[in-house]
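Below you'll find the structure, written out as structure tokens, and then a few comments.
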Amino acid sequence: MNEVALLGIGLLTGVTTVLFGFGGGFVAVPVVVWANAALGADAIRVATATSALVMLVNAAFATAVTPRRVLTALRGSGPLLALLAVGGAAGALATRHAEAGQAHFGFVAYVALTVVDLLLRPGFLRPRGHVRESREAHSEETREVPRPLPAVLGAPIGAVAAFLGVGGSVMTVPALRRAGHPMRVATALANPLTLAIALPATALSLTGTDAVAAHTHPHLVGLVDLRAAGALLLGALPVIAVLRRRPPRIPDRAHAWSYLALLGVVEVAILLAG
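Here UniProt numbering is used: the first residue of the sequence shown is 1, the next is one more, and so on.
Written out as structure tokens, the structure reads:
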């Protein structure tokens, strides 16, 4: 996969970062697997590490340009952010020592279970009275004060997200929505939560060497493919800047269904990549 194709897919990661809270992980993993197919089973390990760097930069930029009034919903979430970081470090370490096929199987299985959960369990597609849409103004209001996410969820979310390279948004966005946030707020808040996971995961992925892959790929630093990450980020960052300045108005229910549909597309992509 050449740089032009990666740049184009980077544009898509910018859209998913703003609209769905995916800092690039779900899009980047199958793409980097394709780009590094010559590495065989190790391609998924490189993909999850590269995904962490893409998510780190995208999530940091998206958080920086998010209105402060939105981010105040995370006030008092210090313990949650700290445990997300601890989990992210643990997941990144596990990726370095686990068999390559485990991450690929885990990615496929987790996305499939998430799709089933969002379809069948109330609270995401069918909110329990938390979100109301005004047909006249196309605005969203919350009927009750959203609940904070329990800090205890931080470590497992961070570990799974870093191990699979998914960034955490696939867990935090549904959790935030079920806690009472509309989709536009849940997806925005997913970025700083992803940032907490991606920072330690990226640091661990960039340091050290990998005996299997490092000598076979000139663009690798640690387990990170800098060529792929750079092209993806070059496409994503301008899109994030534009969409944060002028976010599209999407009805809440359509937004939720679009999130679910994107998960389905990613599941097919990673299956084909494998």
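From the three backbone atoms N, C-alpha and C, an ideal C-beta is built for every residue, glycine too. All values derive from a computational prediction rather than experimental measurement.
Between residue i and chain B, is any beta-carbon pair separated by less than 9 Å?
i	result
glycine 14	Absence of chain B from the displayed structure is noted, only one protein chain being present.
Residue i: which of the options sits nearest, CA to CA?
i	options	result
leucine 243	His181, Thr63, Leu149	Thr63
leucine 193	Phe61, Val15, Ala35, Ala261	Phe61
phenylalanine 20	Pro248, Ala269, Ile270	Pro248
alanine 92	Leu204, Ala231, Leu11, Leu271	Leu204
glycine 101	Gly40, Pro251, Asn36	Gly40
proline 182	Pro238, Phe107, Phe124, Val166	Phe124
leucine 164	Val33, Pro79, Gly10, Val18	Val33
isoleucine 270	Leu233, Val224, Phe107, Arg245	Phe107
threonine 114	Leu232, Ile9, Ala190, Gly168	Gly168
valine 160	His104, Glu267, Leu149	His104
threonine 13	Leu272, Arg245, Arg246, Gly230	Gly230
aspartate 252	Arg177, Ala94, Leu149	Arg177
glycine 8	Leu234, Asp42, Ala112	Leu234
alanine 175	Pro148, Ala198, Leu199	Pro148
valine 266	Ala109, Leu81, Ala43	Ala109
threonine 37	Val268, His255, Ala256, Asp225	The question names threonine, yet the displayed sequence has alanine at residue 37. Nearest of Val268, His255, Ala256, Asp225 to alanine 37, Cα basis: Asp225.
glutamate 99	Arg126, Asp42, Leu81	Asp42
alanine 47	Trp257, Ser258, Leu206	Leu206
proline 67	Phe22, Val18, Gly78	Val18
What does DSSP give as the partner residue(s) for residue i in the beta ladder?
i	result
valine 224	Val221
Give me the Cβ distance between residue i and residue j, rounded to the nearest whole Å; I'm assuming they're in contact under 8 Å.
i	j	result
threonine 202	alanine 52	5 Å
alanine 196	proline 146	Between proline 146 and alanine 196 the Cβ distance is about 19 Å, and since that is not below 8 Å, they are no contact.
asparagine 58	alanine 236	5 Å
glycine 158	alanine 49	With a Cβ gap of about 15 Å, glycine 158 and alanine 49 do not count as contacting.
leucine 118	leucine 260	5 Å
alanine 28	leucine 232	6 Å
Would residue i and residue j qualify as a contact pair, given that the criterion is a beta-carbon distance under 9 Å?
i	j	result
valine 170	leucine 83	no
alanine 89	alanine 179	no
leucine 11	valine 221	no
leucine 223	arginine 45	yes
alanine 155	glycine 76	no
alanine 35	alanine 228	yes
leucine 71	alanine 188	yes
valine 166	valine 116	no
leucine 263	proline 30	no
arginine 245	valine 15	no
alanine 198	methionine 55	yes
leucine 80	proline 150	yes
histidine 255	arginine 184	yes
Could you tell me which whole beta strand (DSSP E) segments of length 3 or greater appear in the stretch 78-104?
Counting only runs that start and end inside the stretch 78-104, there is no beta strand (DSSP E) element of at least 3 residues.
Enumerate, from N- to C-terminal direction, the unbroken alpha helix (DSSP H) stretches of 4 or more residues contained entirely within the stretch 162-217.
Runs of the alpha helix (DSSP H) lying entirely within the stretch 162-217 and spanning at least 4 residues, in chain order: 169-178, 183-206.
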